[in-house]
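Notes follow the structure.
Protein chains in written order, with our numbering: chain R, 1 to 114; chain X, 115 to 227.
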């Protein structure tokens, strides 16, 4: 009964490859997010979708493309992977109708680009 | 825009000692404040949050935080820490009505026996 799940947990790949990370939430939330945590543990938002619609798109290279097939899923596709893409990627979800819009996080996907 | 500064990147303490992790924020509008904990190789878990009302907020695992509007601070405290509290702690701020959560740089809390 995991609330926010991500696959895979670990991803090791070569530079130049294309890869995807999947996220699913079973909390019935309308909004989902992708965050990147760099090697210094700094967390920064990348994207946010509300009901399958993009609402936050921070300054992220266009090699990163989020896709939300339905409001319970938000996938992240990365083209032409670079060394600097190595990080832990966290998915999160929240319910905007809640006053504080508390975000619930997945366990993270550790991406290593060689 | 909002920003968060966690003044200490690392805090080592002995088991059963008290601890305070400092957080200051900057915002020109009303905000909600959060503390999250990240245990090794895990995702983030909410410890506590300040929305409104009483400035002293109690969270899980014996943690509490005090909102100080004049000093724009939201420091996290625990009177007696345990080895299991070893983790990375993140302070975060969100503008009321907004979706975007802005995180501080994190504070690594290390508990020594």
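Where is the CB? At the ideal position from N, CA and C, for every residue including glycine.
Could you pull the DSSP bridge partners for residue i from this structure?
i                      : result
residue 109 of chain R : R:89
residue 116 of chain R : For residue 116 of chain R there is no data in the structure shown, the boundaries of chain R being 1 and 114.
residue 21 of chain R  : R:76
residue 162 of chain X : X:149
residue 223 of chain X : X:125, X:201
residue 179 of chain X : X:171, X:190
residue 195 of chain X : Answer is none; residue 195 of chain X lacks a bridge partner.
residue 217 of chain X : X:206
residue 133 of chain X : X:192
residue 120 of chain X : X:137
residue 60 of chain R  : Answer is none; residue 60 of chain R lacks a bridge partner.
Quick check on this structure: which residue in the options has the alpha carbon closest to the alpha carbon of residue i?
i                      : options                    : result
residue 208 of chain X : X:187, X:143, X:156        : X:143
residue 129 of chain X : X:206, X:193, X:222        : X:193
residue 117 of chain X : X:226, X:204, X:223        : X:204
residue 56 of chain R  : X:222, X:122, X:223, X:215 : X:215
residue 20 of chain R  : R:51, R:89, R:54, R:101    : R:89
residue 72 of chain R  : R:8, R:31, R:18            : R:31
residue 82 of chain R  : R:10, R:15, R:27           : R:15
residue 105 of chain R : R:63, R:29, R:54           : R:29
residue 23 of chain R  : R:96, R:48, R:113          : R:48
Buried or exposed: residue i, going by 16 or more other Cβ atoms within 10 Å of its Cβ?
i                      : result
residue 164 of chain X : buried
residue 263 of chain X : This structure cannot speak to residue 263 of chain X, because chain X is shown only from 115 to 227.
residue 202 of chain X : buried
residue 109 of chain R : buried
residue 197 of chain X : exposed
residue 6 of chain R   : buried
residue 126 of chain X : exposed
residue 45 of chain R  : buried
residue 220 of chain X : buried
residue 84 of chain R  : exposed
Between residue i and chain C, is the shortest Cβ-Cβ distance under 9 Å, so that the two count as touching?
i                      : result
residue 173 of chain X : The structure shown contains no chain C; its protein chains are R and X.
Check residue i in the structure and name its three-state DSSP category.
i                      : result
residue 50 of chain R  : strand
residue 114 of chain R : coil
residue 116 of chain R : No statement about residue 116 of chain R is possible, as the shown extent of chain R runs from 1 to 114 and does not include it.
residue 104 of chain R : strand
residue 14 of chain R  : coil
residue 143 of chain X : coil
residue 95 of chain R  : coil
residue 178 of chain R : Any answer about residue 178 of chain R is impossible in this case: the structure gives chain R only from 1 up to 114.
residue 5 of chain R   : strand
residue 37 of chain R  : strand
For this session: Could you run through the segment 27-46 of chain R and flag, in chain order, every residue whose CB is less than 7 Å away from some CB of chain X?
Result: Legend: CB atoms of the segment 27-46 of chain R lying less than 7 Å from CB atoms of chain X belong to residues 31, 41, 42, 43, 45.
Exercise. For the segment 71-103 of chain R, which residues have a beta carbon sitting closer than 7 Å to at least one beta carbon of chain X?
Worked result: Those residues of the segment 71-103 of chain R that come within reach of chain X (Cβ to Cβ, closer than 7 Å) are 90, 96, 99, 100, 101, 102, 103.
Problem set entry | Chain-ordered residues of the segment 48-72 of chain R with a beta carbon less than 7 Å from chain X | Result list: 48, 55, 56.
Problem set entry | Cβ-based contacts, 9 Å cut-off: residues of the segment 131-160 of chain X near chain R | Residues 146, 148, 150, 152, 155, 156, 157, 158, 159, 160.
For this session: Could you run through the segment 196-209 of chain X and flag, in chain order, every residue whose CB is less than 9 Å away from some CB of chain R?
Result: Taking 9 Å as the Cβ-Cβ cut-off against chain R, the residues of the segment 196-209 of chain X that qualify are 202, 204, 206, 208.
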